[in-house]
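*Asks:* Pasting a structure here, questions to come.
Residue numbers (our numbering): 116 to 376.
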């Protein structure tokens, strides 16, 4: 794990606070490890699928953010030290007036790695302490849908990430996946887009699905969404979407203060 940042604390702040009120996250391994005769097969499947923990965070208008940052500065190294943590990133909303203000992601090679990380005594202790510093936030556990994940180049630190949070109505998941298959080639072919990643909510909760589109710059993102074929796909989606799924999109920019590999 290589740290490429000068101000680690600015990022982990987010993670810790989000973890703060998340009892389910702390109990991941206790509550979810299978106990039937198919344990071996289940565990192999859990080991094979990448997991992403996501925090959507908002900060108060007062001076709480600075106080929180100072606290996080003292625990950042501990938070990112475990070997299970493969990668972490922090993003700020492109529009600082929009919520959520921050998007934080911790990536793991498997669910078991994520569970092991969350159940480490030093991490659990920080999670408990973080309840004293919590801000407005939600935390979500996603597993990667490898059939709908594409990268044109090696993993990079693309500056702009467009995040789509999707909820299915009854029977809507299949309709969404069929639409995604239909448009996948047109979606990923423009040169401005560098990566697409899709995830399902591990617990089947809202949001049911997370989709990320990554771009090198804001100009690339704007140019991508201005393409005629992308506009046509968006219009077609609105027709298919009705009665099948709902979608909210957020635009984030990578914080250069913190990059952790």
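Glycine residues also receive a C-beta, built at the ideal position from the N, C-alpha and C atoms.
Between residue 365 and residue 329, what straight-line distance do the alpha-carbon atoms span, to the nearest angstrom?
*Replies:* Whole-angstrom Cα-Cα distance: 12 Å.
*Asks:* If we ignore side chains and look at the alpha-carbon of each, how far apart do residue 197 and residue 240 end up?
*Replies:* In a straight line, the C-alpha of residue 197 is about 14 Å away from that of residue 240.
*Asks:* Under 8 Å: do the stretch 215–234 and the stretch 296–309 share three or more Cβ pairs, one atom per stretch?
*Replies:* In short, these stretches do not touch, since the Cβ pair count stays below three.
*Asks:* Which one or two residues does DSSP pair with residue 167 in a beta bridge?
*Replies:* Paired residue(s): 222 and 257.
*Asks:* Mind pulling the beta strand (DSSP E) runs of 3 or more residues that sit fully within the stretch 272–336?
*Replies:* As far as the stretch 272–336 is concerned, its whole beta strand (DSSP E) runs of at least 3 residues are 275–283, 310–316 and 324–330.
*Asks:* Taking Cβ to Cβ, would you say residue 274 is nearer than 8 Å to residue 332?
*Replies:* Closer than 8 Å, so yes.
*Asks:* Does residue 181 have its Cβ less than 8 Å from a Cβ in chain D?
*Replies:* Included in the structure is just one protein chain, with no chain D present.
*Asks:* Can residue 263 and residue 290 be called in contact, C-beta distance under 8 Å?
*Replies:* No, they are not a contact pair.
*Asks:* Is residue 205 buried or exposed, if buried means 16 or more other CB atoms sit within 10 Å of its CB?
*Replies:* Buried.
*Asks:* Give the DSSP-derived three-state secondary structure of residue 200 in the structure shown.
*Replies:* Here residue 200 sits in coil by DSSP.
*Asks:* Out of curiosity, what's the CA-to-CA distance linking residue 219 and residue 195?
*Replies:* If you take the alpha carbons of residue 219 and residue 195, they lie about 13 Å apart.
*Asks:* Does DSSP classify residue 158 as helix, strand or coil?
*Replies:* Model confidence at residue 158 stands at a pLDDT of 49, short of 50, so the residue's coordinates are unreliable; what they give is reported in the following sentence. Correct three-state label for residue 158: helix.
*Asks:* Does residue 285 pass the burial test, meaning 16 or more other C-beta atoms within 10 Å, or should it be called exposed?
*Replies:* It counts as exposed.
*Asks:* By Cβ distance below 6 Å, which residues in the same chain neighbour residue 121 in space, the five residues on each side in sequence not counted?
*Replies:* Residue confidence for residue 121 is low, a pLDDT of 37 falling below 50, so the modelled location carries little weight; the figure read from the coordinates is stated next. So the list is empty, once near-sequence residues are dropped.
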